[in-house]
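When we follow this note's numbering, the leftmost residue of the sequence shown carries the number 215, and every step to the right adds one.
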Amino acid sequence: ATNTFDITGDYTKVSPYKHVLESDMREALNECYLGDVKQSLPALPSFRFLQRDRLTNKMKYPSESKYSSTIMKVDIVEFDPPGFQLHIHSKGRVYASSLVNDLGEILGSSAHLTHLCRVRQGDFGFREALHHYDWNENSISQNLYLPATDPELKT
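Quick look at the structure:
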């Protein structure tokens with residue numbers, strides 16, 4: 215485990231992991247991470263935990279140590295201790311680093327996020343992504359997404 219819940223942080227705990235079985239992980243994921251869940255925030259949050267305060271319009275870290283999320287499905291894609299890979303289908307914001315950290319604790323071990331690949335954000339999927347080397351005024355305006363559900367935004 216690390217103080218940021220990911221690979222960028224300093225180690226706070228190193229635990230045995232050989233007792234963790236894939237079946238135990240699957241059971242923990244199904245019991246603890248489906249539906250509405252409360253996620254822990256790290257003791258030393260990284261920049262991605264910043265939120266805009268609506269009153270002051272300044273960026274700040276959340277005052278609560280738990281964050282609510284909705285997770286529809288979690289699959290174990292790969293299980294090769296001490297590593298594992300998950301596919302998480304969620305509604306809204308999910309902190310994968312928090313999920314991995316908490317999962318390690320539930321399983322009597324410790325864990326932190328080493329890699330994240332977001333394949334969907336809201337209505338945008340990986341296939342619809344505009345790669346950074348294609349960013350220019352023309353390509354951005356051609357790929358601007360205007361939801362069909364809001365006629366006010368249509369041009």
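Just so it is clear, CB atoms sit at the ideal spot from N, CA and C, and this is done for glycine as well.
DSSP places V308 outside both helix and strand once states are collapsed to three, so it counts as coil.
In the structure shown, D289 adopts extended strand secondary structure according to DSSP, grouped into three states. The region 307-325 and the region 340-351 do not touch, with fewer than 3 CB-CB distances between them shorter than 8 Å.
No Cβ-Cβ contact shorter than 8 Å links I302 with I320.
Per the coordinates, the alpha-carbon of D294 lies some 37 Å from the alpha-carbon of D348.
In the three-state scheme derived from DSSP, where H, G and I count as helix and E and B as strand, R240 is classed as helix. The Cβ atoms of Y225 and L255 do not sit closer than 8 Å to each other. As DSSP reads the structure, D224 sits in no beta bridge. In the DSSP assignment, S353 falls within the unbroken alpha helix (DSSP H) covering 351-356. Under DSSP, T216 shares a beta bridge with Y225.
Around the CB of S312, 16 or more other CB atoms lie within 10 Å, so the residue is classed as buried. In this structure, the straight-line span from the alpha carbon of L344 to that of E245 is close to 37 Å. With contacts defined as CB atoms closer than 8 Å, A215 and N350 fail to qualify as a contacting pair.
Nearest to K287 by C-alpha distance, out of Y309, P296, G297, L248, is L248. The closest CA to that of E292, considering only V251, H346, E236, is found on E236. For H233, the secondary structure class from DSSP, reduced to helix, strand or coil, is coil.
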